[in-house]
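See below for the structure under consideration.
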Amino acid sequence: MTTAHEHEVHHDAAEHHRAAAHHFEAAAKHQLLAAEADDKDDVVTTAHHAYIAYGHQLQAVHHAEKAAIEDEEVDHDDVDNH
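So this is what it looks like as structure tokens:
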């Protein structure tokens with residue numbers, strides 16, 4: 069049975085998973101825009117979109133790690149309490 073605390077932690081982890089997905093999606097969009105600019109030899113636009121993509125990637129990984137840590141803490145608490 070899930071406790072209220074465990075439910076809240078899993079809910080928080082789910083929010084981090086959603087945020088990670090949002091940032092991965094945004095990173096992919098900007099990578100594609102960078103590729104289009106590269107095809108046109110537009111180095112300024114390529115660099116701009118690559119930089120934005122990189123920022124989204126960092127945010128995505130951060131949220132994915134936070135989600136994993138939240139879920140892991142609950143899993144360890146469950147093992148420790150039995």
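Residue numbers (our numbering): 69 to 150.
Using N, Cα and C, we set each Cβ at its ideal position, and we do this for glycine too.
If you're wondering where the values come from, they're calculated on a predicted model, not measured in any experiment.
Item: Would you check if the stretch 102 to 120 and the stretch 128 to 145 touch, i.e. whether three or more CB-CB distances between them fall below 8 Å?; Value: no
Item: Comparing C-alpha positions only, which one of 119, 80, 127, 89 sits nearest to residue 103?; Value: 119
Item: So what's residue 113 in DSSP terms, helix, strand or just coil?; Value: helix
Item: Would you tell me roughly how many angstroms separate the C-alpha atoms of residue 85 and residue 105, rounded to the nearest one?; Value: 30 Å
Item: Over what stretch of residues does the alpha helix (DSSP H) that includes residue 97 continue unbroken?; Value: 72 to 107
Item: Please return the same chain residues whose Cβ sits closer than 8 Å to the Cβ of residue 49, not counting the five positions on each side in sequence.; Value: For the chain, the structure presents residues 69 to 150; residue 49 sits outside this window and is missing.
Item: Are residue 95 and residue 72 close, meaning C-beta to C-beta below 9 Å?; Value: no
Item: Using alpha carbons as the reference points, say which of 75, 123, 82 lies closest to residue 91.; Value: 123
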